[in-house]
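For the sequence shown, our numbering assigns the number 18 to the initial residue and increments by one for each residue that follows.
Think of the CB as a built atom: it goes at the ideal place given N, C-alpha and C, for glycine as much as any other residue.
All remarks here apply to the structure that follows.
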Amino acid sequence: MSQQKIITVEEFETIAQEQQTFLIFKASTTCNISEDAFVEYNTYMSKNESLPSYYLYVQEARPLSNHIAEKYGVRHQSPQVLYVQNGEVTWNESHWRITVDSLTKHIG
Numbered sequence: 018m019s020q021q022k023i024i025t026v027e028e029f030e031t032i033a034q035e036q037q038t039f040l041i042f043k044a045s046t047t048c049n050i051s052e053d054a055f056v057e058y059n060t061y062m063s064k065n066e067s068l069p070s071y072y073l074y075v076q077e078a079r080p081l082s083n084h085i086a087e088k089y090g091v092r093h094q095s096p097q098v099l100y101v102q103n104g105e106v107t108w109n110e111s112h113w114r115i116t117v118d119s120l121t122k123h124i125g
């Protein structure tokens with residue numbers, strides 16, 4: 018499965034209802050840290066293509082970003098990756114700590 022960009026709360030809620038396990042990557046279009054973290058995330062995903070993966074740019078999807086933070090009770094940060102299993106965020110990381118190694122260690 019390839020990564021899919023999402024923008025709306027409705028798109029996200031459909032995913033959350035249909036997928037038991039998935040990743041969400043929240044990024045900024047203007048932040049160098051986000052750019053570097055997205056490279057790490059993409060590298061990880063290139064080796065784990067069967068894991069459903071979604072991303073959003075906070076500037077394009079602020080209501081969605083806020084909704085995700087509220088739904089899961091995880092403070093918004095950007096960049097940020099969230100691992101969702103059975104309706105709960107079981108792991109999340111932000112900024113420079115988003116690496117292939119950290120993703121592999123916590124997700125597999």
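- In this structure the region 83-91 does not lie against the region 112-122, because fewer than three pairs of beta carbons, one per stretch, are closer than 8 Å.
- If you draw a straight line from the Cα of Asn59 to the Cα of Tyr100, it is about 15 Å long.
- With a cut-off of 8 Å on Cβ pairs, the region 100-109 is not in contact with the region 70-78, counting fewer than three such pairs.
- In the DSSP assignment, Leu73 falls within the beta strand (DSSP E) that extends over 70-74.
- Contact between the region 28-43 and the region 80-88 is present, with at least three C-beta pairs closer than 8 Å.
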